[in-house]
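Novice:
Residue numbers (mature numbering (1 follows the signal peptide of the UniProt record, and there is no 0)): -20 to -1, 1 to 640.
Printed below as a string of structure tokens:
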């Protein structure tokens, strides 16, 4: 079947002249139907397998569509936009005395419903996928009647109440169990001496209340290769049996609990990890030399680990490591120098530690590196000075260190974010920055930079795009996403999932001089511009109002003169403005967006300014030349800019809908 990822093809709700009684298999997945589930399915009484996944089905699940289907074994409608009707469907399927349903898959929809007790009458079901919806209420005890159940995925909902061991005590064939409640209101109350009848290969308990200690019954699960106990508020020391069990695991996630104690040496003999995530706990002590020869992802972030990183930890052959995150600890000493074996490493995060010394050039030259984050340490020297072009790097964050020298003249077609905030870089801004085609976050604030802002900044094409890449589940990684702390609208915040949407230039608190280049108005999707705390002089560009997507503008503490351009009033997204402590003069604009800027501190320190919200009123007998001369032009610019803004807004959301 030919499918288009852009064209919308409506799914007909009736097929009056088509005989479907002999149809046994229906596959319509990965379309763009944007339609209801068709009721003509009820005419296909011989159907065994229905698959309409990821096809933008909307509305409720019509129970009528699944009547008279005595042979139906599989319903797979995952990845759609269905919002109700699950309870009615289960009731309908359960009405058949010998229901043949084996697979029921409604994961990743928008179902707002409950699970009825009739679920327990679907006695032939093997796999039940209900994760990533908005299901509510309690999990019915009748689920314990599903004795043929092999896989149960019910995490990512809004369950409440209590789930007891009696819910699972008859599920002798259960192999995969994923439980979770996004509102953390589900309590798992299992007896301390409960011994389950099953032996799982994969277990995930996420966002549940399970008590302060490790569930003792997990010790009996000798076939486990994947275990997640995350966001469960366990606050004990990890028991010895848990560490022994971990030697058979390929995937272990104990993140976001309150686990404490030292990491055991037995972790050092494990050599077949795929993922190890112990982040966001209270582990302390030194870092053992972890074997990385078969590890994909390693996270120990936000603990209390101290001491030095073993010097040969990243010199292990062979290696398939892709992500390492030791951020938010108390690690000291130097960054290991031996990285040659890490040819597949994509993400490195050693931020917020007590590391000293220089950045090893071997780390900078990793061929697969996508993100390098070393911020908030005491590193010094000239970082990555031997790099002329990054082959694949997206993001580099070296902020809050003691680096010095000139801003590196890096090149790289993939570079999207550069943060060198809070160092001792000096000299001028390199013109090479202008040739980075996808750069959309540039934070060089709080350094010792001098000279002028290059006019070629207006050619930075990354600031002329409405959105960029999404981070997260890319390149086979399950947990890593890029985070960056940036100052926007006067306060610092952590950006992660929306970082690709941010277009920011922060050159504040340097020693830059000269004028704001007129060419800066070509950065049409710029969200945030901060040039405060420099020595910039001259006028604010009159046509700065063409920066239609600007939300935050800070030009304070400079030597700017002239008037406030009336075109600023046309930027309807502008919500944060600071023009204080300059030499601006004339009347403060009083139209459109300026009606919202009623805080006098925005304009203080400019003796020549007058008009509201300042107490100094303008003299009506002496009109200010700067304001009056361009009044006609400004009115035209306001009208033109408003029209352009709304056209741009509509185009943005049209592309954003396709992007999602």
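C-beta atoms are modelled at their ideal positions from N, C-alpha and C, and glycine is treated no differently.
With H, G and I counted as helix, E and B as strand and the rest as coil, what does DSSP make of residue 147?
Specialist: helix
Novice: According to DSSP, simplified to helix, strand and coil, what is residue 223?
Specialist: helix
Novice: Please list the terminal residues of the continuous beta strand (DSSP E) segment that includes residue 590.
Specialist: 588 to 590
Novice: Just list the beta strand (DSSP E) runs in the stretch 290 to 331, keeping only unbroken ones of 3 residues or longer that don't cross its boundaries, in chain order.
Specialist: 303 to 305, 310 to 314 and 327 to 329
Novice: Would you kindly work out how many angstroms separate the C-alpha atoms of residue 306 and residue 190, rounded to a whole number?
Specialist: 27 Å
Novice: Rounded to whole angstroms, how far is the Cβ of residue 168 from the Cβ of residue 185, which I believe are closer than 8 Å?
Specialist: With 8 Å as the limit, residue 168 and residue 185 qualify as a contact, their Cβ atoms being about 7 Å apart.
Novice: Run through DSSP, which three-state label would residue 502 get?
Specialist: helix
Novice: Considering only their Cβ atoms, is the gap separating residue 106 from residue 90 smaller than 7 Å?
Specialist: no
Novice: Per DSSP, what kind of secondary structure is residue 579 in: helix, strand or coil?
Specialist: coil
Novice: From residue 226 to residue 313, what distance separates their C-alpha atoms?
Specialist: 29 Å
Novice: Beta-carbon within less than 6 Å of residue 235's beta-carbon, same chain only, minus the 5 sequence neighbours each way: which residues are those?
Specialist: 210, 257, 259 and 260
Novice: Exposed or buried, which one is residue 289 when buried takes at least 16 other CB atoms within 10 Å?
Specialist: buried
Novice: Since residue 650 is in the alpha helix (DSSP H), which residue starts that stretch and which ends it?
Specialist: Outside the modelled stretch of the chain, which goes from -20 to 640, sits residue 650, for which no answer is possible.
Novice: Taking the alpha-carbon of residue 109 as reference, which of 115, 121 and 134 has the nearest alpha-carbon?
Specialist: 134
Novice: Given a threshold of 16 other Cβ atoms within 10 Å of its Cβ, counted over all protein chains shown, does residue 574 qualify as buried or as exposed?
Specialist: buried
Novice: Between the alpha carbons of residue 231 and residue 216, how many angstroms are there, rounded?
Specialist: 21 Å
Novice: Would you please state the rounded distance, in angstroms, between the beta carbons of residue 641 and residue 535? I believe it to be under 8 Å.
Specialist: With the chain covering -20 to 640 only, the question about residue 641 has no answer from this structure.
Novice: Just to confirm my understanding: we take residue 2, look at its own chain, exclude 5 residues before and 5 after, and list those with CB closer than 8 Å. What are they?
Specialist: 26
Novice: Quick one: residues in its chain with C-beta nearer than 8 Å to the C-beta of residue 458, no 5 flanking neighbours on either side, listed in chain order?
Specialist: With a pLDDT of only 48 at residue 458, under 50, the local geometry of the prediction cannot be trusted, and the value read off the model is given with reservation. The residues are 255 and 277.
Novice: With contact counted as at least three CB pairs below 8 Å, one residue from each stretch, are the stretch 94 to 102 and the stretch 114 to 121 in contact?
Specialist: The stretch 94 to 102 is in contact with the stretch 114 to 121.
Novice: Note down the Cα distance separating residue 163 from residue 188, rounded to an integer number of angstroms.
Specialist: 9 Å
Novice: What residue range is occupied by the uninterrupted alpha helix (DSSP H) comprising residue 69?
Specialist: 66 to 74
Novice: Are the Cβ atoms of residue 102 and residue 123 separated by less than 7 Å?
Specialist: no
Novice: One question on the structure: do residue 376 and residue 398 come within less than 7 Å of each other, judged by their Cβ atoms?
Specialist: yes
Novice: Just to confirm my understanding: we take residue 651, look at its own chain, exclude 5 residues before and 5 after, and list those with CB closer than 6 Å. What are they?
Specialist: Residue 651 is absent from the structure shown; the chain starts at -20 and stops at 640.
Novice: Can you list, in chain order, the residues of its chain with a C-beta nearer than 7 Å to that of residue 145? Leave out the 5 residues immediately preceding and following it.
Specialist: Excluding sequence neighbours, residue 145 sits near 170, 171 and 174.
Novice: In whole angstroms, what separates the C-alpha of residue 22 from that of residue 30?
Specialist: 12 Å
Novice: Going by Cα to Cα distance, which pick from 19, 199 and 533 is closest to residue 223?
Specialist: 199
Novice: Going by DSSP in three states, residue 97 sits in which element: helix, strand or coil?
Specialist: helix
Novice: Around the Cβ of residue 478, are there at least 16 other Cβ atoms within 10 angstroms (buried) or fewer (exposed)?
Specialist: exposed
Novice: Please state whether the Cβ-Cβ distance between residue 489 and residue 539 is less than 7 Å.
Specialist: no
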